[in-house]
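Written below as structure tokens is the structure these notes are about.
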Amino acid sequence: MRDDGNTGATRATAPSRGNLAWTSDAFTRWLPVAADGEVYIGNVDPNPDPKIVGLDATNGSERWSVSIEEASHYTSAVVGEVLVAAYGDQVVALDRESGDREWTATLSGTVSRTDITAVSSETLVLIPEESGRETALTALDATTGEQQWSTPLAGHPIDAPAVQGDGVYVASESELYRLDIADGSQVWSQSVEAVALGPRATARGLVVAANGELTVHDADTGERLRRLDGYDRAAHGVALADGTAYWLTGESLAALSVEDGTVEWRLDAEGCQEGLCVGRDTVVAPVKSEAFDLETAWPTIAAFDRETGDVRWYYHIDGFDVLFTTPPVLIDGAVYFAANTIDSVGVLGDVPPAEDSGLF
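If you want it as structure tokens, here you go:
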């Protein structure tokens with residue numbers, strides 16, 4: 571779902587239909603991480619105790635589980651052969667094959683309510699953390715857990731940090747930063763009001779949603795270069811692929827040129843959960859839309875053609891006050907998600923299908 575640049579884009583192919591294949595037995599409402607035939611979930615049902623669980627991606631069966639301390643937020647990322655998970659003031663690295671602990675580190679604060687970023691090329695894990703009113707971005711060595719640097723930030727971190735080349739880009743509520751990846755020193759900072767999403771880093775610049783606008787900033791200076799779009803309601807997600815920004819708000823799903831803001835297509839599809847992901851030829855997003863053949867505009871996970879915005883399929887869950895509790899995660903031939911009505915990880919695609927498909 572997310573690379574170093576936090577672009578939300580992958581070369582994975584979405585499933586050809588949105589049938590429900592399986593749901594796991596393990597409770598979770600946290601973002602699943604999927605890689606190499608396994609799905610990892612964490613901070614699951616605290617009765618009898620919270621756990622990190624490794625699941626078989628084809629059928630949801632449990633491969634291993636590791637007990638952890640209860641915490642209000644959990645986030646994880648794959649770095650080579652280990653899963654690095656952060657919760658509370660703890661960071662652990664688990665062998666992906668066995669679940670064995672490789673190392674444990676303790677933060678000076680607690681992990682912020684955003685995601686961590688793995689930088690495989692540098693063998694680093696970047697962790698936004700906070701302690702009271704003080705916040706920082708901390709880099710740990712992914713092989714040992716040793717702290718490499720920690721840089722104070724003004725305001726609470728917003729969104730996962732992004733990396734491009736030797737630059738680490740991170741936003742607080744009112745400031746956009748570039749840090750040096752080698753030592754965390756500040757290269758520049760720019761005041762940005764009411765940051766909602768960002769940054770996403772590409773060769774064309776940094777894309778940030780703030781103060782009711784989606785804008786592009788120069789990666790070398792932080793200077794605002796241009797406005798791509800505006801929004802009145804919530805900013806739910808942006809993903810970047812091949813010069814196009816795929817943009818989900820509380821009003822619409824759109825494809826915009828990063829170069830000049832030209833609208834390639836726009837749909838009346840209301841975002842109903844943070845996050846979206848872009849595959850080889852498909853955009854997968856959690857949306858509500860009156861265009862779907864449903865009695866009401868239930869929340870759905872839907873797949874759209876990248877070039878035209880045409881609907882390929884959509885999946886919804888019946889129930890009262892339905893909510894997808896994580897963004898969709900796209901891996902070749904499958905989409906993983908969590909929802910309050912199933913309280914676990916579900917997967918869409920032929921891996922294999924269940925009798926009750928939920929397909930429209």
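Take the sequence shown: its position 47, counting from 1, is numbered 617 in our numbering, and each next residue is one higher.
For each residue, glycine too, the CB sits at the ideal point set by N, CA and C.
Cβ-Cβ distances below 7 Å link W758 to R748, T791 and G792 in the same chain, with the five nearest sequence neighbours on each side left out; the list follows chain order. Per DSSP, T866 lies in no beta strand (DSSP E) and is assigned neither H nor E. With respect to L784, V808 sits close: the two C-beta atoms are nearer than 8 Å.
Collapsing the DSSP output to three states places S690 in a helix.
Between the region 710-725 and the region 596-616 there are fewer than three inter-stretch CB-CB distances shorter than 8 Å, so the stretches are not counted as touching. In this structure, V654 lies near A712, with their beta-carbon atoms less than 8 Å apart. Of the other Cβ atoms in all chains shown, 16 or more fall within 10 Å of the Cβ of F894; this residue is therefore buried. Straight-line measurement puts the Cα of S691 at about 31 Å from the Cα of E877. Taking 8 Å as the cut-off, the Cβ atoms of P869 and H886 count as close.
At the C-beta level, R633 and V652 stay beyond 8 Å of one another. With respect to L710, V695 sits close: the two C-beta atoms are nearer than 8 Å.
One alpha carbon belongs to I638, the other to V662, and they sit about 9 Å apart. Separation of K858 and D753 (C-alpha to C-alpha, rounded to the nearest whole angstrom) is 44 Å. It is roughly 13 Å from the alpha-carbon of I622 to the alpha-carbon of H643.
By the criterion of a C-beta distance shorter than 6 Å, V892 is surrounded in its chain by P869 and T911, once the five residues flanking it on both sides are discounted. Put simply, of P618, D685 and T714 the residue whose alpha carbon is nearest the alpha carbon of L707 is D685. An exposed status is given to Q756, since fewer than 16 other beta-carbon atoms sit within 10 Å of its beta-carbon. The shortest C-alpha to C-alpha distance from T852 to any of D802, A904 and T819 is the one to A904.
In this structure, the CA atom of P618 is about 35 Å from the CA atom of V854. The three-state reading of DSSP puts T896 in coil, since its state is none of H, G, I, E or B.
F890 has no beta-bridge partner at all, per DSSP.
Counting along the chain, no beta strand (DSSP E) covers D902, and no H or E run does either.
Runs of beta strand (DSSP E) with 3 or more residues, each lying fully within the region 766-839, are found at 775-780, 783-787, 794-800, 805-811, 814-819, 823-827 and 833-837, listed in chain order. The alpha-carbon of E865 is positioned some 28 Å away from that of S594.
By the criterion of a C-beta distance shorter than 6 Å, R794 is surrounded in its chain by T785 and H787, once the five residues flanking it on both sides are discounted.
Only residues of its own chain outside the window of five on either side were considered, and among them V689 and V733 have a CB closer than 6 Å to the CB of D574, listed in chain order. Here the alpha carbon of A780 sits roughly 27 Å from the alpha carbon of A908. In this structure D799 is buried. Its beta-carbon is surrounded by 16 or more other beta-carbon atoms within 10 angstroms. Take L818, set aside five residues on each side of it, and the residues of its chain with a beta-carbon closer than 6 Å to its own are H806, G807, G841, L846 and A855, in chain order. The C-beta separation of G669 from S631 comes to about 14 Å, leaving the pair out of contact by the 8 Å criterion.
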